[in-house]
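Chemist:
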Ligand SMILES: N[C@@H](CCC(=O)N[C@@H](CS)C(=O)NCC(=O)O)C(=O)O
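Numbering (the numbering used here), first residue to last: 76 to 343.
1. Would the segment 324-338 and the segment 185-195 be scored as touching if the rule is three or more Cβ pairs under 8 Å?
2. Quick one: Cα of residue 229 to Cα of residue 219, how far?
3. Measuring only the C-alpha atoms, how far is residue 114 from residue 182?
4. For the alpha helix (DSSP H) holding residue 298, just list the boundary residues, first then last.
5. Please indicate yes or no: does the CB of residue 111 lie closer than 7 Å to some heavy atom of ligand 1?
6. Would you list the residues sitting across from residue 132 in a DSSP beta bridge?
7. What are the boundary residues of the alpha helix (DSSP H) that residue 190 is part of?
8. Would residue 235 pass as a contact of residue 186 if the rule is Cβ separation under 8 Å?
9. Verify the contact flag: residue 205, CB atom, against every heavy atom of ligand 1, threshold strictly below 7 Å.
10. What residue range does the alpha helix (DSSP H) around residue 242 cover?
11. Quick check: is any heavy atom of ligand 1 less than 7 Å from the C-beta of residue 173?
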């Protein structure tokens with residue numbers, strides 16, 4: 076894929092708080108994270124690295140103008156891609172769990188130690204990737220002229236339903252999914268949760284049914300997550316995300332995720 080990719084020019088570099096974080100992670104380290112500043116899957120891994128205070132080197136690449144350095148590590152050419160002692164790893168949730176195993180002394184712990192609770196956490200981690208993200212994208216990329224046409228209200232309420240199912244599984248007090256301690260479930264969904272403001276610009280609003288009990292719990296969770304230092308420090312200026320999300324909203328984005336959504340498939 077060359078410079079002429081239609082999405083390539085939209086991806087210069089991080090801004091705002093995230094730019095500072097990037098500057099602080101330029102020093103050569105054996106652990107290298109190939110990143111795109113805008114990418115929610117990258118943000119998952121960054122949250123884990125920053126929360127666990129694991130030293131790493133941040134390397135910005137444009138996944139729509141894939142450099143050889145990325146393709147030799149990851150034939151899929153996707154970010155995040157991790158280089159660990161010259162060996163490649165990719166797939167954001169796999170990378171997060173790897174960091175937990177490779178740095179056993181680092182806290183917070185990402186998963187419960189009880190086998191049942193750990194397996195249950197993985198059900199809801201998988202739910203985020205297999206249900207919530209595709210539903211977020213079906214809503215965002217919805218076009219009134221598409222056929223067959225489910226209707227905007229339907230794609231919006233499907234998204235609400237996925238969030239409701241997820242939220243109903245949360246610890247009642249929280250504020251995080253499993254209780255007072257943040258864990259991997261929070262990190263895997265946070266990047267999309269903190270981007271739901273895009274629906275204020277596109278598709279007539281997120282319009283959560285505010286009176287419902289699950290929405291109160293969702294809002295409590297979201298406000299705790301939005302305040303986390305790691306979330307703040309991995310977020311660029313809002314207006315810089317808008318041209319990127321405009322292309323999703325117009326359904327003209329050519330990312331693998333945008334194409335998969337158009338084809339009715341899951342996350343690539
Ligand atoms: N399943 C992958 C998805 C990663 C992904 O889709 N990353 C996007 C950026 S947000 C990418 O590299 N896109 C390049 C492309 O679509 O060609 C993961 O969880 O790491």
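Every residue, glycine too, gets a C-beta built ideally from N, C-alpha and C.
Just so you know, these numbers come straight off a predicted model, no measurement behind them.
Modeler: Reading from the atomic positions:
1. No, the segment 324-338 does not touch the segment 185-195.
2. Along the chain shown, read from residue 1 onward, the residue named residue 229 stands at position 154. Along the chain shown, read from residue 1 onward, the residue named residue 219 stands at position 144. Looking at the two C-alpha atoms, the distance is approximately 12 Å.
3. Your numbering for residue 114 matches position 39 in the chain shown. Your numbering for residue 182 matches position 107 in the chain shown. When the Cα atoms are used, residue 114 and residue 182 turn out to be separated by approximately 24 Å.
4. Here residue 298 is taken as the residue at index 223 of the chain shown, counted from 1. Segment 288-302, the alpha helix (DSSP H) holding residue 298.
5. Sequence index remark: in the chain shown, residue 111 carries index 36 (1-based). The answer is yes for residue 111.
6. Translated into the one-based positions of the chain shown, residue 132 becomes position 57. DSSP output for residue 132 lists 107 as bridge partner(s).
7. Within the chain shown, numbered from 1, the residue matching residue 190 stands at position 115. First-last of the alpha helix (DSSP H) with residue 190: 190-202.
8. As a working mapping, residue 235 is identified with position 160 in the chain shown. As a working mapping, residue 186 is identified with position 111 in the chain shown. Contact flag unset, no.
9. Sequence index remark: in the chain shown, residue 205 carries index 130 (1-based). Incorrect: residue 205 has no Cβ contact closer than 7 Å to ligand 1.
10. As a working note, residue 242 is residue 167 in the chain shown. Taken as a continuous stretch (DSSP letters only), the alpha helix (DSSP H) holding residue 242 covers 227-243.
11. Residue mapping note: residue 173 aligns to position 98 of the chain shown, counting from 1. Because no heavy atom of ligand 1 lies under 7 Å away, the Cβ of residue 173 does not count as near it: no.
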